[in-house]
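Number of protein chains: 2
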Amino acid sequence: MPFGRGTTTTMTEVGLPRSFLRPVLIIVLGNGPSHGYELAVRMWEFGLATVDLAGIYRMLRVLEREDLVASEWEPSGHGPPRRVHTLTEAGAAAAIDHVAFLRDVRNLLDRALDSVPST
Amino acid sequence: MPFGRGTTTTMTEVGLPRSFLRPVLIIVLGNGPSHGYELAVRMWEFGLATVDLAGIYRMLRVLEREDLVASEWEPSGHGPPRRVHTLTEAGAAAAIDHVAFLRDVRNLLDRALDSVPST
DNA sequence: GCGACTAGGTGCACTGTACATCTAGTCGCG
DNA sequence: CGCGACTAGATGTACAGTGCACCTAGTCGC
Numbered sequence: 000m001p002f003g004r005g006t007t008t009t010m011t012e013v014g015l016p017r018s019f020l021r022p023v024l025i026i027v028l029g030n031g032p033s034h035g036y037e038l039a040v041r042m043w044e045f046g047l048a049t050v051d052l053a054g055i056y057r058m059l060r061v062l063e064r065e066d067l068v069a070s071e072w073e074p075s076g077h078g079p080p081r082r083v084h085t086l087t088e089a090g091a092a093a094a095i096d097h098v099a100f101l102r103d104v105r106n107l108l109d110r111a112l113d114s115v116p117s118t
Numbered sequence: 000m001p002f003g004r005g006t007t008t009t010m011t012e013v014g015l016p017r018s019f020l021r022p023v024l025i026i027v028l029g030n031g032p033s034h035g036y037e038l039a040v041r042m043w044e045f046g047l048a049t050v051d052l053a054g055i056y057r058m059l060r061v062l063e064r065e066d067l068v069a070s071e072w073e074p075s076g077h078g079p080p081r082r083v084h085t086l087t088e089a090g091a092a093a094a095i096d097h098v099a100f101l102r103d104v105r106n107l108l109d110r111a112l113d114s115v116p117s118t
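Those protein sequences? They're chains C and G, same order as listed.
For the first sequence, numbering that gives the first Met the number 0 begins at 0 and goes up steadily by one.
For the second sequence, numbering that gives the first Met the number 0 begins at 0 and goes up steadily by one.
Right, here's the structure in full:
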């Protein structure tokens, strides 16, 4: 999974639209603290189609301003220092909400797709 | 279902994110030609959370520029004339693609939600 | 004539995002 | 040592999408 600089990992297969960046980012952070670069991998595995590193870093700053995420620098001794992000309590609550949101979207799609005649 | 002027029908229940406006609009148009005002109702029934009339009219113009939609004015004898929109051949093909897209999103969400420990 | 309702549309400010570009750390190699 | 590859994070900018307020214009009932 190579995440080149401004790369946008355009998979041949489809993926979740970019508008899921925020919920997915919070949810994968619920699987344990991590730094942006690795979060990109997790999000990609989660099904997000286009994973833009720049967008992730920006979103992490936004979430930090909103107190859903806290971060601290950690020397890696194997490259530049990493900024490790953790969900705050509010963030963990948000994660639960976002999972519920994704579930709702899935259920809506289920119902909606039933009503579509064509295949 | 009252769609006041700049109304944004904020349902208490959740709904599909606004980023689905384009695919949903094309899909509901596949159920038969219609005018913007009624399309809003169909989209709302389809599960779209926030239905902004202004956004729909704008999107219809965009789709027309892209030759996915054709429109003609029709006097209604019961209010102002309506602009009735029809899918072009390319639009019908796009509708099929968009249904497939929604199906893919649902399947991705299915898999992704399985991997989430919490409930 | 006037207000309610239907239908369509514009203007504008704000947000989100893609893409390019930049900094800076480690490691391996000649 | 000097240099390139790789990892990690960040900014700058231009452009698209959207939310909200507002505007036009038709019919109908009073």
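Here a beta-carbon is modelled for each residue, glycine too, at the ideal position from N, C-alpha and C.
Going by Cα to Cα distance, which pick from the options is closest to residue i?
{"i": "C:Ile55", "options": "C:His34, C:Ala91 and C:Asp109", "result": "C:His34"}
{"i": "G:Ser18", "options": "G:Glu71, G:Pro32 and G:His97", "result": "G:His97"}
{"i": "G:Leu62", "options": "G:Leu15, G:Arg21 and G:Asn106", "result": "G:Arg21"}
{"i": "C:Leu59", "options": "C:Gly78, C:His84 and C:Asp113", "result": "C:His84"}
{"i": "C:Ala48", "options": "G:Leu112, G:Arg64 and G:Val104", "result": "G:Val104"}
{"i": "C:Glu119", "options": "C:Ser114, C:Arg81, C:Val13 and C:Glu65", "result": "With chain C covering only 0 through 118, there is no way to say anything about residue 119 of chain C."}
{"i": "C:Val27", "options": "C:Pro16, C:Trp43 and C:Leu15", "result": "C:Trp43"}
{"i": "C:Val13", "options": "G:Asn106, G:Val115, G:Asp113 and G:Ser114", "result": "G:Asn106"}
{"i": "C:Tyr36", "options": "C:Ala69, C:Leu112, C:His77 and C:Arg82", "result": "C:Arg82"}
Check whether the Cβ of residue i lies closer than 9 Å to any Cβ atom in chain C.
{"i": "G:Gly14", "result": "yes"}
{"i": "G:Leu101", "result": "yes"}
{"i": "G:Thr11", "result": "No answer about G:Thr11 holds up, because its pLDDT of 43 lies below 50 and its placement is not dependable."}
{"i": "G:Gly29", "result": "yes"}
{"i": "G:Ser114", "result": "yes"}
{"i": "G:Leu98", "result": "In the sequence under discussion, the amino acid at residue 98 of chain G is Val, which differs from the Leu named in the question. At least one chain C Cβ lies under 9 Å of G:Val98."}
{"i": "G:Met0", "result": "With a pLDDT of only 44 at G:Met0, under the threshold of 50, the placement of this residue in the model should not be trusted; the figure read from the coordinates follows. Judged by the 9 Å Cβ criterion, G:Met0 is not in contact with chain C."}
{"i": "G:Val23", "result": "yes"}
Would you verify that the beta carbon of residue i is, or is not, closer than 9 Å to some beta carbon of chain G?
{"i": "C:Asp109", "result": "yes"}
{"i": "C:Gly46", "result": "yes"}
{"i": "C:Thr17", "result": "Looking at the sequence itself, residue 17 of chain C is Arg, so the reference to Thr does not match. Yes, its Cβ sits closer than 9 Å to a Cβ of chain G."}
{"i": "C:Leu62", "result": "no"}
{"i": "C:Ile26", "result": "yes"}
{"i": "C:Arg105", "result": "yes"}
{"i": "C:Val40", "result": "no"}
What's the call for residue i, buried or exposed, on a 16-neighbour Cβ count within 10 Å?
{"i": "C:Ala128", "result": "Past the edges of chain C, shown from 0 to 118, lies residue 128 of chain C, and the structure says nothing about it."}
{"i": "C:Ala121", "result": "With chain C running from 0 to 118 in the structure shown, residue 121 of chain C is simply not present."}
{"i": "G:Val31", "result": "In the sequence on display, residue 31 of chain G carries Gly and not Val. Label assigned to G:Gly31: exposed."}
{"i": "C:Gly46", "result": "buried"}
Spatial neighbours of residue i within its chain, please: CB distance less than 7 Å, with the 5 preceding and 5 following residues excluded, ordered by chain position.
{"i": "C:Gly29", "result": "Leu86, Ala91 and Ala94"}
{"i": "G:Leu101", "result": "Pro22"}
Kindly list the residues whose CB is nearer than 6 Å to the CB of residue i, restricted to its own chain and excluding five residues on each side of it in sequence; keep chain order.
{"i": "C:Pro1", "result": "Residue confidence is low: C:Pro1 scores 45 on pLDDT, short of 50, so the model does not pin down where it sits. Its coordinate-derived value is still stated next. Contacts found: none."}
{"i": "G:Gly50", "result": "One detail in the question is off: residue 50 of chain G reads as Val in this sequence, not Gly. Closer than 6 Å at Cβ, skipping near neighbours: Thr8, Ala39, Met42 and Trp43."}
{"i": "G:Ala147", "result": "No information on residue 147 of chain G is available, as it lies outside the stretch 0 to 118 that chain G covers here."}
{"i": "C:Val181", "result": "As displayed, chain C neither begins before 0 nor continues past 118, which places residue 181 of chain C out of reach and without an answer."}
{"i": "G:Val115", "result": "none"}
Excluding the five sequence neighbours on either side, which residues of its own chain have a C-beta within less than 8 Å of the C-beta of residue i, listed in chain order?
{"i": "G:Pro80", "result": "Trp72, Glu73 and Pro74"}
{"i": "G:Leu67", "result": "Ile25, Leu86, Thr87, Ala89, Gly90 and Ala93"}
{"i": "C:His77", "result": "none"}
{"i": "C:Arg110", "result": "none"}
{"i": "G:Pro16", "result": "Ala48"}
With respect to 8 Å, is the separation between the Cβ of residue i and the closest non-hydrogen atom of the ligand SAH below this value?
{"i": "C:Ala99", "result": "Absence of the ligand SAH from the depicted structure is noted, as is the absence of any ligand whatsoever, leaving it without description."}
### Query
Which whole runs of the beta strand (DSSP E) in the stretch 25-92 of chain G are 3 residues long or more, in chain order?
Given a length threshold of 3 residues, each whole run of the beta strand (DSSP E) inside the stretch 25-92 of chain G is given here in chain order: 68-73 and 81-86.
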